[in-house]
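A.B. asks: In this note's numbering, the protein residues as written are 228 to 503.
Here it is, written out as structure tokens:
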């Protein structure tokens with residue numbers, strides 16, 4: 228059976244496109260992914276999907292762990308499971324952040340449980356450590372949003388030309404910084420500092436981190452894999468999005484082109500959302 232990645236076969240929009248906007252929706256969204264200039268395959272996956280009312284938007288990015296077998300399948304499987312659960316979930320008409328937070332957290336735990344079970348199977352021909360992926364998901368509602376993550380695929384908000392990182396990257400350097408064992412100046416120079424401390428798959432229990440934040444008209448939100456932030460700073464990302472004057476497709480092209488000019492050493496995936 229031919230295997231296709233999520234971004235090509237998941238019906239993320241009614242017309243099958245990679246953009247989403249209509250009169251009843253409060254958000255415009257574009258998304259894309261490419262394997263970069265160094266990696267042999269793209270192990271990132273992404274999707275976005277509206278709920279039945281077409282007012283609440285789910286966005287999700289997964290970055291399959293490159294040291295594991297079939298990292299591309301890992302990310303794709305996680306994204307598919309989350310989107311399927313979103314489409315099957317019957318939320319109340321006026322759903323609040325707490326319900327969405329619980330839904331996303333439960334999904335992360337269920338996906339992790341599935342991965343962990345697979346990792347216990349004796350499949351020596353794969354010669355792998357474990358099936359794993361980062362996972363970041365955000366649901367945008369009326370005036371508010373909720374995000375959940377495990378790993379280092381970040382979510383940024385750009386408001387009034389100021390960029391703020393919403394999520395926490397679960398890397399060794401960041402964890403040590405959070406508990407005060409290293410200084411900010413040591414983060415980028417720490418040996419093995421980018422090693423993940425939390426992601427989907429390797430352990431029986433995962434503890435996803437949850438975030439709730441407000442949404443104002445004109446806000447931009449970017450969910451991406453670390454292949455983008457490896458080459459672009461948050462301020463650079465903000466400037467390129469703002470300079471595109473609300474043309475989200477053009478903004479995404481700018482981000483990808485600049486990443487390519489700087490070597491694109493990893494897979495690059497981004498979902499860009501604007502509050503209308």
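Note that CB positions come from ideal geometry on N, CA and C, so glycine has one too.
#1: Once you ignore the five residues that flank residue 462 on each side, which residues in its own chain have a CB closer than 7 Å to its CB?
#2: Quick check on residue 491: does DSSP put it in helix, strand or coil?
#3: Can you list, in chain order, the residues of its chain whose CB lies under 6 Å from that of residue 403, leaving out five sequence neighbours each side?
#4: Where does residue 431 fall in DSSP's three states?
#5: Can you say whether residue 348 is buried or exposed, counting buried as having 16 or more other CB atoms within 10 angstroms of its CB?
#6: For residue 266, which of 466, 381 and 291 has the nearest alpha-carbon?
#7: Can you find a C-beta in chain C that's less than 7 Å from the C-beta of residue 310?
#8: Which of helix, strand or coil does DSSP assign to residue 500?
#9: Could you name the residues of the same chain whose beta carbon sits closer than 6 Å to that of residue 491, not counting the 5 residues immediately before and after it, in chain order?
#10: Please give the ranges of any beta strand (DSSP E) in the segment 324–368, keeping only runs that are unbroken, at least 3 residues long and fully inside the region.
#11: Starting from residue 255, trace the alpha helix (DSSP H) both ways and give me its first and last residue.
#12: Cutting at 8 Å between CB atoms, please list the residues of its own chain near residue 473, excluding the five before and the five after it.
#13: Once the 5 residues before and after residue 314 are set aside, which same chain residues still bring their CB inside 7 Å of it?
#14: Check whether the segment 417–429 and the segment 476–487 touch, using three or more Cβ-Cβ pairs below 8 Å as the test.
#15: Compute the beta-carbon to beta-carbon distance between residue 374 and residue 363, rounded to the nearest angstrom, for a pair I have assumed lies under 8 Å.
#16: Quickly, what does DSSP pair residue 436 with across the bridge? List them, please.
#17: The beta strand (DSSP E) with residue 276 in it runs from where to where?
#18: Are there 16 or more other CB atoms within 10 angstroms of the CB of residue 412, so buried, or fewer, so exposed?
#19: Cβ atoms of residue 289 and residue 305: under 7 Å apart, would you say?
#20: Can you say whether residue 319 is buried or exposed, counting buried as having 16 or more other CB atoms within 10 angstroms of its CB?
#21: Mark residue 470 as exposed unless 16 or more other C-beta atoms lie within 10 angstroms of its C-beta, in which case mark it buried.
#22: Please say whether residue 385 and residue 447 have beta carbons closer to each other than 7 Å?
#23: Skipping 5 residues on each side, what residues in its chain have a beta carbon closer than 6 Å to that of residue 453?
#24: Which residues bound the beta strand (DSSP E) around residue 291?
#25: Locate the beta strand (DSSP E) running through residue 447, then write down its first and last residues.
#26: Here's the rule: buried if 16 or more other CB atoms are within 10 angstroms of the residue's CB, otherwise exposed. What is residue 431?
#27: What's the gap between the Cα of residue 489 and the Cα of residue 456?
#28: Could you pull out every residue in the same chain whose Cβ sits closer than 7 Å to the Cβ of residue 392, ignoring the five residues on either side in sequence?
C.D. replies: So, from the data block:
#1: 390
#2: coil
#3: 409
#4: coil
#5: exposed
#6: 291
#7: In the displayed structure, chain C is absent; only one protein chain is listed.
#8: strand
#9: 263 and 264
#10: 360–367
#11: Segment 254–261 is the beta strand (DSSP E) holding residue 255; no alpha helix (DSSP H) there.
#12: 501
#13: 276
#14: no
#15: 7 Å
#16: 376
#17: 271–277
#18: exposed
#19: yes
#20: exposed
#21: exposed
#22: yes
#23: 379
#24: 284–291
#25: 447–451
#26: exposed
#27: 11 Å
#28: 381, 383 and 461
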